[in-house]
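Okay, so the sequence shown: first residue is 117 according to my numbering, each after it adds one.
Have a look at the structure below, then the notes.
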Amino acid sequence: MSKLSISAAAILTASALAATPVAAHPENDIKPAGQCDRITPAQWNQVRNGMSLEQVEHITGCHASHHSTNNFKAGPIDNYFFRTGSRNIAEIKIKGGKLWQKFGYHSGL
Numbered sequence: 117m118s119k120l121s122i123s124a125a126a127i128l129t130a131s132a133l134a135a136t137p138v139a140a141h142p143e144n145d146i147k148p149a150g151q152c153d154r155i156t157p158a159q160w161n162q163v164r165n166g167m168s169l170e171q172v173e174h175i176t177g178c179h180a181s182h183h184s185t186n187n188f189k190a191g192p193i194d195n196y197f198f199r200t201g202s203r204n205i206a207e208i209k210i211k212g213g214k215l216w217q218k219f220g221y222h223s224g225l
């Protein structure tokens, strides 16, 4: 492939990305921490051990707020809450960058 055709392909790709609306990015659909509307039982059932925090936030539709870090010999465990205002909807624990435990889910909120 010539340098000209590579440059043309790069320009076409860049212009296509620039034309993509910002709303198409899934991050825009995730509510800020503390502003979760509700996590449905179906959403919570999709959350599995081994997922990243970002994957869990994508499934639940809201960002988790970091509550605390517990340092153990085996490594730190971070606690995150999904909240609506000051009410906890659910809690997860992240160990080594992956979901280690989920609990505290309240379906009626």
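Beta carbons: idealized from backbone N, C-alpha and C, even for Gly.
Where residue i sits in the DSSP three-state scheme
i: P157; result: helix
i: I208; result: strand
i: H174; result: helix
Buried versus exposed, by CB contacts within 10 Å (16 or more), residue i
i: I176; result: According to the sequence shown, residue 176 is Thr rather than Ile. Counting Cβ neighbours within 10 Å, T176 comes out buried, since at least 16 surround it.
i: A190; result: exposed
i: A158; result: exposed
i: R203; result: exposed
i: L198; result: Inspection of the sequence shows that residue 198 is occupied by Phe rather than by Leu. Classification for F198: buried.
i: H182; result: exposed
Residue i: CB within 7 Å of a non-hydrogen atom of the ligand PLP
i: S202; result: Absence of the ligand PLP is noted for the structure shown, with no ligands found whatsoever.
Straight-line Cα distance separating residue j from residue i
i: I205; j: G212; result: 23 Å
i: D145; j: L169; result: 16 Å
i: K218; j: A149; result: 17 Å
i: R75; j: F188; result: Any answer about residue 75 is impossible in this case: the structure gives the chain only from 117 up to 225.
i: S184; j: W216; result: 15 Å
i: T156; j: N186; result: 28 Å
i: Q171; j: H222; result: 20 Å
i: A180; j: N161; result: 17 Å
For residue i, the first and last residue of its enclosing alpha helix (DSSP H)
i: H179; result: Run containing H179: none; DSSP gives neither H nor E here.
Endpoints, the beta strand (DSSP E) within which residue i is located
i: Y196; result: 191-200
i: Q217; result: 214-219
8 Å contact criterion, which residue i and residue j should meet: CB distance rounded
i: I193; j: K209; result: 5 Å
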